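Under the numbering used here, residues -12 to 250 are what the sequence shown spells out, in order.
Remarks on the structure that follows.
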Amino acid sequence: MSHLVSRSRERQGALSAGALRGSIESVSRACIGVVGEYQANFAPHTAIDAAVEHALAAKLSHPAIAVEWIATSEAEHLSENEFAAYAGWWIAPGSPYRSIDGALRIIQYAREHDIPLLGTCGGYQHVVLEYARNVLGFADAAHAEYDPYASDLFITALSCSLAGQTMSVTLRDNTTAASLYPNKTVTEKYYCNFGLNLDHLPALTAAGLIVSGIDQDGEPRIVELSSLRYFLATLFVPQTSSTPESPHPLIAGFLRAATQNVR
């Protein structure tokens, strides 16, 4: 039988790493850290628990998962031992985050330690930003939502907002994304106003970031690192289109990767 536990460090008080690991291990439960400032009235946030439950009910991953929300301001100060308590990370929508450094720290840790990571909407934007800073070496790589006048803007306002729109995404062959979806062209819903600055796309792809999904104009909508167990980010919000009858394949794939070593 599937079992989902959802909690928030920020709302209930931080657990020690030892207590958290003990509670997870006592029921062989994998803990997924969801990074962002939880908003109960924001559909892309409330849909996260539901989407995880859909995958669990369909037996598409390990049957026991704990979802724990972590504010970005708290993520900035997690210890190495606390990092080890999480089997995977989901960088949630809802930027600007309270702490951009907290979000980027989680992304860098997951990338460097091959911990499964899924970024959606704002998570996608910050995955790009982390890669620009720590792989390309653009220490001042910036996001226009925080500083619209920065000199190295890797994330800029979209010429036309995608918030509330549902659009097609075409998957590129031989990618993690293509291996998970049943079709090569899919339809997804967006909540975003910012995206990747296309002026920097050649440098990002030359440094190994893979564009695995594009829109009808050829602009990147999914990026990934296929060499890792699961490191994928979407500009759209897959959790909002997940249903009990049709759990979202990207989310199911993320949960499988995060729980593959859980007994």
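Every residue gets a Cβ at the ideal spot worked out from N, C-alpha and C, and that includes glycine.
Quantities reported herein were computed from a predicted structural model and do not represent experimental measurements.
query = Is it a yes or a no for the segment 62 to 80 touching the segment 109 to 125, going by three-plus beta-carbon pairs under 8 Å?
reply = The segment 62 to 80 is in contact with the segment 109 to 125.
ask   = Is the number of C-beta pairs between the segment 54 to 74 and the segment 182 to 199 that are closer than 8 Å three or more?
value = Verdict: no, contact absent.
key: Cross-strand partners of L219 (DSSP beta bridge)   = L219 pairs with L105, E211.
message = Measuring alpha carbon to alpha carbon, tell me which residue in E55, G89, L105 is nearest Y73.
response = Closest option to Y73, judged by alpha-carbon separation, among E55, G89, L105: E55.
inquiry  = So for P236, helix, strand or coil by DSSP?
reply    = Three-state result, P236: helix.
key: Cβ distance (whole Å) where F199 is taken to contact A165 below 8 Å   = In the sequence on display, residue 199 carries Ser and not Phe. Yes, S199 and A165 are in contact; Cβ-Cβ is about 7 Å, under 8 Å.
key: Option in A239, F141, Y133, E211 with minimal Cα separation from P169   = Relative to P169, the option among A239, F141, Y133, E211 whose CA is nearest is A239.
inquiry  = Only counting the same chain, and skipping five residues up and downstream in sequence, which positions put a Cβ closer than 8 Å to that of G205?
reply    = Within its own chain, no residue has a Cβ closer than 8 Å to the Cβ of G205 once the five positions on either side in sequence are excluded.
inquiry  = Tell me the residue span of the beta strand (DSSP E) that contains S199.
reply    = It spans 197 to 201 - the beta strand (DSSP E) in which S199 sits, taken as one unbroken run.
message = Using a 10 Å radius around the Cβ and a threshold of 16 neighbouring Cβ atoms, would you call Q226 buried or exposed?
response = Looking at its Cβ environment, which holds 16 or more other Cβ atoms inside 10 Å, Q226 is buried.
message = Counting C-beta neighbours from all protein chains within 10 Å, is the total for P234 16 or more, i.e. buried, or is it exposed?
response = When all chains shown are included, P234 counts as buried.
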